[in-house]
Amino acid sequence: MPLGFDDSAKINEYAHPEVLVSTDWLQANLGAENLVIVESDEDVLLYATGHIPGAVKIDWHTDLNDPVLRDYLDGAKFAELLSSRGIRRDSTVVIYGDNKNWWASYALWVFKLFGHADVRLLDGGRETWISEGRDLTTDVTSITPSEYPVIERDDKTLRAYRDDVLAHLGKPLVDVRSPQEYSGERTHMPNYPEEGALRGGHIPGAASIPWSKAANENGTFKSAADLRALYIDAEALDPATDTIAYCRIGERSSHTWFVLKYLLGFKNVRNYDGSWTEWGSLVGVPIVKGEVRGSWPAVA
Amino acid sequence: MKLTKPAVAVVDDFQSLEPQHRLELLLDFANELPNLPVRYADHPDLLERVEECQSPVYLFVEVTDQRVQLFLTAPKEAPTTRAFASILHSALDQQPVDDVLSFDDDFPSMLGLTELVSPLRMRGIRGMLARIKRQVSEKS
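Residue numbers (our numbering), protein chains in the order written: chain E, -17 to 282; chain U, 84 to 223.
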């Protein structure tokens, strides 16, 4: 049986309150049967220095990516991974992490590619849990391996490939990178020189809305009203129109994808994980430099 | 370009382990980074910020009798960065100036960690190493 939802006032304001829980909710549900807490961080050692009691670790780099092919793990590997973490197909999974849940959102997106029904984020992530003085432990979580079915990954509903993006030109795109990356001043994040592209700029027509604008200083999501003001009022995105989010490799845009799809209830949002490291190096695709969105005729 | 004796030992230690156990060794390094002596702990202004690291990492080099003394600090909340600071401390502290100046810049990629930690962290350790070598050359 899935666990009940967090019905706190803030979370109830979102379009899909069932995908987010507060630290209070998690504290009250620690140890609940059928709940698996997953930590997913940028810093690969953080989990070992202390984690939420009972949490298991899933690493974006070594667990979710294929080591050779630029792709995510397949259905068999996903089943193996989740079994090893004691997650069943009907488990309620709550994911949290460092850096404003950036990698936690990415992990959640991968869970959704495999259609895991009940997977939620912890609002505020690791930082908020710690700042509220809640318990961390270095105890090794004892895991009883589970049976998880082999599910074929769905690469159509929530994921966009470069050809999907080409066909989408003229419809809403959200570029969630820094303003310098958007304008083309930089081809990589200030600290990620090895994940660059050959050209700087953005996909024609993309709105520039850096991912972290959706989060408060402490990593919690902004209120539903603030998010609507940001994405819908200020940037004219439309919940009824197909939208694609991208960044550099698809991690930051998972955060925005989560906001658009679940917190604001956009009907059809896809994450383009090839993102700028692919688009900015592709031969012959259009790009725009500078601060204007630019445009390109829609491909018939 | 070459490695110091302790650096060779560090590389051997990491390479002798299966990848999943390398992270445990990395965590040991994070826990073993020596605290700053009082003269630096009380004077953070004397230390150089390593801008390549996202988390606040600071370092300072002293050269006495042509030997390098290395002081590094990184917060507990950034264990991987702390571990890398600690690895460099093991590899370079108390080593002769010439050995530090000719130390192989590619040392970080010899540890077998590239597949396990994010590129951001690898960039951080390279930044630390470059700054250490620059300070040593300025002070010797």
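Just so you know, even glycine gets a beta-carbon here, dropped at the ideal spot from N, CA and C.
Keep in mind that this is a model prediction, so the values were computed, not measured.
Inset, instruction - Spell out whether any CB of chain E is found under 8 Å from the CB atom of Leu171 (chain U). - result: It does not: the Cβ of Leu171 (chain U) has no partner Cβ on chain E nearer than 8 Å.
Inset, instruction - Enumerate, from N- to C-terminal direction, the unbroken beta strand (DSSP E) stretches of 3 or more residues contained entirely within the segment -9 to 63 of chain E. - result: For the segment -9 to 63 of chain E, the continuous beta strand (DSSP E) assignments of 3+ residues that do not extend past its boundaries occur at 17 to 21, in sequence order.
Legend entry - Cβ pair Arg159 (chain E), Asn253 (chain E) closer than 8 Å: Their beta carbons are not under 8 Å apart, which means Arg159 (chain E) does not touch Asn253 (chain E) by this criterion.
Inset, instruction - Could you spell out the range, first to last residue, of the alpha helix (DSSP H) harbouring Tyr88 (chain E)? - result: Its alpha helix (DSSP H) spans residues 84 to 95.
Legend entry - Residue interval of the alpha helix (DSSP H) (run including Phe240 (chain E)): From DSSP, the alpha helix (DSSP H) with Phe240 (chain E) extends over 234 to 240.
Legend entry - Presumed contact (8 Å Cβ cut-off) between Val132 (chain E) and Ala196 (chain E), rounded CB distance: Actually they do not touch by this definition, with Cβ atoms about 34 Å apart.
Legend entry - Residues of its chain near Tyr88 (chain E), where Cβ-Cβ distance is below 6 Å and the 5 sequence neighbours each way are ignored: Short of 6 Å from the beta carbon of Tyr88 (chain E), and not among the five residues preceding or following it, lie these beta carbons of its own chain, in chain order: Trp42, Glu233, Ser236.
Inset, instruction - Show which residues of chain U have a CB atom less than 7 Å away from the CB atom of Val26 (chain E). - result: Listed along chain U, the residues sitting closer than 7 Å to Val26 (chain E) by beta-carbon distance are Leu106, Thr163, Leu199, Val200.
Legend entry - Close Cβ partners of Phe167 (chain U) (< 7 Å) along its chain, the five nearest in sequence each way excluded: The beta carbon of Phe167 (chain U) lies closer than 7 Å to those of Arg204, Gly207, Ile208, Met211 in the same chain, with the five residues before and after it left out.
Legend entry - Collapsed DSSP secondary structure at Gln218 (chain U) in the structure displayed: In the three-state scheme derived from DSSP, where H, G and I count as helix and E and B as strand, Gln218 (chain U) is classed as helix.
Inset, instruction - Would you mind listing the alpha helix (DSSP H) stretches within the segment 134 to 205 of chain E that are 4+ residues and don't spill past its ends, in chain order? - result: The segment 134 to 205 of chain E is shown to contain whole alpha helix (DSSP H) runs of 4 or more residues at 144 to 150, 161 to 165, in chain order.
Inset, instruction - Rank U:Gln103, U:Leu109, U:Asp95 by C-alpha distance to the C-alpha of Ser169 (chain U) and give the top, closest one. - result: If we check each option's Cα against that of Ser169 (chain U), U:Leu109 comes out closest.
Inset, instruction - Would you mind reading off the limits of the alpha helix (DSSP H) that contains Ala113 (chain U)? - result: In the DSSP assignment, Ala113 (chain U) falls within the unbroken alpha helix (DSSP H) covering 102 to 115.
Legend entry - Within chain E, the residues that Ala113 (chain U) reaches when beta carbons sit closer than 8 Å: Chain E residues near Ala113 (chain U): Leu27, Thr31.
Inset, instruction - Would you decide whether Arg165 (chain U) is buried or exposed? Buried here means 16 or more other CB atoms lie within 10 Å of its CB. - result: So Arg165 (chain U) ends up on the buried side.
Inset, instruction - Out of U:Ser220, U:Leu196, U:Val144, point me to the one whose CA is closest to Pro102 (chain U)'s CA. - result: Checking every option, the nearest Cα to that of Pro102 (chain U) belongs to U:Leu196.
Legend entry - Own chain partners of Phe190 (chain U) with C-beta closer than 8 Å, once the 5 adjacent residues on each side are dropped: Here the set comprises Leu86, Ala90, Val94, Ala174, Leu212.
Inset, instruction - Please classify Leu171 (chain U): does DSSP put it in a helix, a strand, or coil? - result: Looking at Leu171 (chain U) - three-state DSSP - the assignment turns out to be helix.
Inset, instruction - With distances taken Cα to Cα, identify the nearest neighbour of Thr163 (chain U) among E:Tyr29, E:Val50, E:Ala37, E:Thr74. - result: Closest by alpha carbon: E:Tyr29.
Legend entry - Cα-Cα separation between Glu163 (chain E) and Gly183 (chain E), rounded to whole angstroms: Put simply, the backbone Cα of Glu163 (chain E) is about 6 Å away from that of Gly183 (chain E).
Legend entry - Interfacial residues, the segment 33 to 64 of chain E to chain U, with Cβ spacing under 8 Å: So the close ones are His43, Thr44, Pro49.
Legend entry - Min CB distance Leu155 (chain U) to chain E below 8 Å: Contact with chain E is absent for Leu155 (chain U), since none of that chain's Cβ atoms lies less than 8 Å from the residue's Cβ.
Inset, instruction - Give me whichever residues DSSP pairs with Glu131 (chain U) in a beta bridge. - result: Assignment of beta-bridge partners to Glu131 (chain U) by DSSP yields U:Leu142.
Legend entry - Member of E:Val1, E:Arg116, E:Arg181, E:Leu151 whose CA lies at the smallest distance from the CA of Arg275 (chain E): Here the closest residue by C-alpha is E:Leu151.
Inset, instruction - Could you tell me if the beta carbon of Thr225 (chain E) falls within a distance shorter than 7 Å of some heavy atom in the ligand HEM? - result: Among the components modelled here there is no ligand, and therefore nothing to report on the ligand HEM.
Inset, instruction - Kindly identify the DSSP beta-bridge partner or partners of Phe186 (chain U). - result: Bridge partners of Phe186 (chain U): U:Lys85.
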